[in-house]
Amino acid sequence: MGAFAGKASLDAAGFGLYPWGMHIGIIGGGFSGCLLAVQLLRRAPVGTAITIIESGDALGRGAAYGTVNPEHLLNVRAGNMGAFPDDVRNFHAWLSASGDPSPASAFMSRMRYGEYVGHVLRAAVAEQAGRVPVSLVTGVARALHPGAQPAVGLEDGRRLVFDRIALCFGNLPPGPPPGLTDAARNSARYLHDAWKARGLDAIPAHGDVLIVGSGLTMADVVQSLVSRKHSGKINVISRHGYVPNRHETAKPMTMERPTSGLRALFRDFRRAAQAAPSTGHDWRDVVDAFRPWTIETWRRLSSAERRRFLRHVRPLWEVHRHRVAPAIADTLTSVRESGQLTVAAGRIVSIDWKDGAFGIMVRPRGEEGLRHLASSWIVNCTGPQGDYSQTTNPLVRTAVEAGAIRPDPLQLGLDVSDDCAVIDAKGVVSPNIFAVGPPTRGAFWEITSVPDIRRACAQMAETLLKS
Ligand SMILES: Cc1cc2nc3c(=O)[nH]c(=O)nc-3n(C[C@H](O)[C@H](O)[C@H](O)COP(=O)(O)OP(=O)(O)OC[C@H]3O[C@@H](n4cnc5c(N)ncnc54)[C@H](O)[C@@H]3O)c2cc1C
22 MGAFAGKASL DAAGFGLYPW GMHIGIIGGG FSGCLLAVQL LRRAPVGTAI
72 TIIESGDALG RGAAYGTVNP EHLLNVRAGN MGAFPDDVRN FHAWLSASGD
122 PSPASAFMSR MRYGEYVGHV LRAAVAEQAG RVPVSLVTGV ARALHPGAQP
172 AVGLEDGRRL VFDRIALCFG NLPPGPPPGL TDAARNSARY LHDAWKARGL
222 DAIPAHGDVL IVGSGLTMAD VVQSLVSRKH SGKINVISRH GYVPNRHETA
272 KPMTMERPTS GLRALFRDFR RAAQAAPSTG HDWRDVVDAF RPWTIETWRR
322 LSSAERRRFL RHVRPLWEVH RHRVAPAIAD TLTSVRESGQ LTVAAGRIVS
372 IDWKDGAFGI MVRPRGEEGL RHLASSWIVN CTGPQGDYSQ TTNPLVRTAV
422 EAGAIRPDPL QLGLDVSDDC AVIDAKGVVS PNIFAVGPPT RGAFWEITSV
472 PDIRRACAQM AETLLKS
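First residue of the sequence shown: 22, per the working numbering; consecutive thereafter.
Spelled out as structure tokens, the structure:
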């Protein structure tokens with residue numbers, strides 16, 4: 022355990038009750054965990070203590086900003102990546118202050134952003150100079166014990182007791198692609214988690230690679246392969262074959278608060294996107310204009326409408342809403358045009374490993390029959406696991422099994438109340454365990470990127486400090 026400042030907040034016997042005031046435990050030290058700590062530091066009275074439990078070796082990085090490839094870029098412009106809802110330009114100001122001349126419209130490297138998040142936390146801790154101590158516990162949380170004094174069990178056997186706990190464990194690691202046999206899973210040539218640093222190092226430059234999934238993670242992997250001068254074929258397959266669109270220069274527009282149901286909303290959206298060029302805009306400006314209304318609209322939809330959205334609209338929404346930086350889009354275009362990269366739409370039925378190669382059975386989209394594909398390497402880019410009962414994250418898995426938390430009905434995250442308190446298997450809302458960021462996606466939908474999480478962290482700090 023390391024204390025950032027002031028007196029260590031945990032007793033010498035190891036993780037007993039904090040004797041002076043409220044002790045808040047934050048599980049996960051990625052963007053959400055760090056920014057929640059910062060927002061708490063801004064508001065907490067003397068006597069409050071904060072402990073961050075993080076399994077990795079750095080704070081503020083997480084899956085998104087822990088990349089070691091400087092060519093992995095943010096998909097939001099620097100001018101809107103500030104860590105604070107009341108200072109969205111803060112990241113750009115930090116860049117400028119450190120001598121970086123990049124404009125606010127630039128898409129900076131995610132590594133650099135990780136540095137910034139670490140800086141924001143350190144600066145907030147230093148400003149408080151021990152008034153509110155912040156401690157770091159490095160370790161894997163693997164059990165959640167609800168109760169009047171909720172506790173966290175660590176993998177090494179330690180038990181930490183708190184007054185309030187905030188779950189900030191981010192997106193879950195990906196699940197396996199469909200029909201993956203044990204032989205395929207155990208092959209060293211199957212790379213399960215594309216976000217693992219240096220995982221792609223094992224692939225030889227001439228190796229043919231199948232990427233399963235065609236979203237933002239795929240774009241990262243293709244960029245990494247291109248950076249290392251990969252010359253082998255890269256085949257991409259996903260159910261719809263949609264690839265993220267590119268960012269263009271934004272010409273902001275506003276949208277009136279939508280009040281219609283899903284069907285009418287979708288129709289109005291299409292019309293607005295088609296009409297956008299006549300007013301000097303394009304569809305991207307329409308998508309961005311909807312942003313202030315996304316959470317409110319999601320919360321207004323009935324559960325049947327939410328399901329319909331996920332079934333029919335989600336794949337299209339993802340590639341229009343979560344766009345890639347122009348440099349990444351250029352890479353994708355150039356490898357597609359050269360014939361090195363192909364993107365196909367189809368449903369994978371099985372993946373087996375035999376005689377030194379993968380055999381993949383695919384039902385191409387719109388066809389009845391199956392086709393056989395072969396590949397020497399497979400990279401799983403299917404995105405975060407949605408089914409919380411199947412995850413490999415030990416804390417989430419054991420807490421779901423013990424009934425301390427439950428998945429939301431759409432399997433997008435955790436079931437939470439309006440103020441993000443977790444709901445247990447019996448439907449009881451926890452008085453002292455809360456979730457922040459991606460795990461609350463079922464309740465808010467648009468809650469996975471910085472502009473949404475920074476607001477959620479400020480609100481959660483208020484909630485946690487209520488007596
Ligand atoms: C590859 C990628 C790129 C992205 N790019 C952008 C972008 O450009 N712009 C943008 O706005 N958003 C982006 N996002 C969205 C991203 O989800 C958020 O920006 C943000 O990083 C989420 O932060 P988080 O702290 O909730 O989760 P994470 O960053 O995933 O952090 C969770 C932390 O919890 C720790 N943890 C998990 N389980 C345990 C446990 N059991 N015990 C201890 N520690 C644990 C993990 O080690 C990790 O450090 C990206 C996401 C990804 C995956």
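C-beta: ideal position from N, C-alpha, C; glycine also. If you're wondering where the values come from, they're calculated on a predicted model, not measured in any experiment.
Where residue i falls, given that 16 or more other Cβ within 10 Å makes a residue buried
i, result
"A33", "Unreliable positioning characterises A33 in this predicted model, as indicated by a pLDDT of 31, which lies under 50. A coordinate reading is not provided."
"Q295", "exposed"
"D508", "Past the boundaries of the shown model lies residue 508; the chain is included only from 22 to 488, so the question cannot be answered."
"L337", "exposed"
"L62", "buried"
"H227", "exposed"
"P460", "buried"
"S355", "exposed"
"E483", "exposed"
"F36", "The predicted model places F36 with a pLDDT of 42, which falls under 50 and marks its position as unreliable, so this point remains unresolved."
"R288", "exposed"
"H44", "buried"
"S76", "buried"
"V560", "The question about residue 560 has no answer here: the residues shown for the chain are numbered 22 through 488."
"H302", "buried"
"R332", "exposed"
"S119", "exposed"
"A205", "buried"
"R475", "buried"
"R147", "The residue you asked about is not Arg; residue 147 is Ala in the sequence shown. Label assigned to A147: exposed."
"P167", "buried"
Integer Cβ distance of residue i from residue j, believed to fall under 8 Å
i, j, result
"E326", "L283", "4 Å"
"A365", "N266", "A365 to N266, Cβ: 19 Å. No contact."
"L56", "A104", "6 Å"
"R163", "G151", "With a Cβ gap of about 31 Å, R163 and G151 do not count as contacting."
"A65", "L353", "The pair is not a contact, with the Cβ atoms about 45 Å apart (cut-off 8 Å)."
"V141", "V67", "In fact, because the Cβ distance is near 22 Å, the residues do not count as touching under 8 Å."
"P279", "W319", "Actually they do not touch by this definition, with Cβ atoms about 11 Å apart."
"L188", "I48", "5 Å"
"V233", "T403", "6 Å"
"L212", "L221", "7 Å"
Straight-line Cα distance separating residue j from residue i
i, j, result
"R219", "L246", "11 Å"
"I369", "R462", "26 Å"
"R328", "N96", "27 Å"
"M481", "S259", "36 Å"
"A169", "I454", "10 Å"
"A145", "A209", "43 Å"
"H268", "F52", "23 Å"
"R392", "M382", "6 Å"
"S438", "I444", "7 Å"
"S299", "A293", "10 Å"
"P472", "N101", "7 Å"
"G83", "G42", "29 Å"
"E358", "A240", "15 Å"
"P415", "T275", "43 Å"
"V450", "A420", "15 Å"
"R312", "A378", "44 Å"
"T413", "V109", "34 Å"
"G54", "D177", "21 Å"
"P225", "A285", "50 Å"
"V417", "P122", "42 Å"
"H343", "P124", "21 Å"
"R143", "W115", "14 Å"
"S235", "H261", "9 Å"
"T69", "E339", "40 Å"
"G458", "G160", "21 Å"
"Q361", "Q244", "13 Å"
Under 9 Å between C-beta atoms of residue i and residue j
i, j, result
"A223", "N401", "no"
"T72", "L237", "no"
"D306", "A271", "yes"
"I186", "P171", "yes"
"A85", "Y134", "yes"
"A79", "G139", "yes"
"E92", "S324", "no"
"T363", "K254", "yes"
"P183", "G50", "One detail in the question is off: residue 183 reads as Phe in this sequence, not Pro. Result no, Cβ atoms of F183 and G50 do not sit closer than 9 Å."
"I399", "I372", "yes"
"R427", "A456", "no"
"C441", "V59", "no"
Checklist line | Touching by the beta-carbon criterion (3+ pairs, under 8 Å), the stretch 187 to 202 and the stretch 398 to 415 | finding: yes
Item checked: contact_flag[the stretch 381 to 389, the stretch 116 to 135] where n(CB pairs < 8 Å) is 3 or more -> no
Note to self: Using a Cβ distance threshold of 8 Å, determine whether the stretch 448 to 466 contacts the stretch 421 to 433, with at least three qualifying pairs required.
What the structure shows: yes
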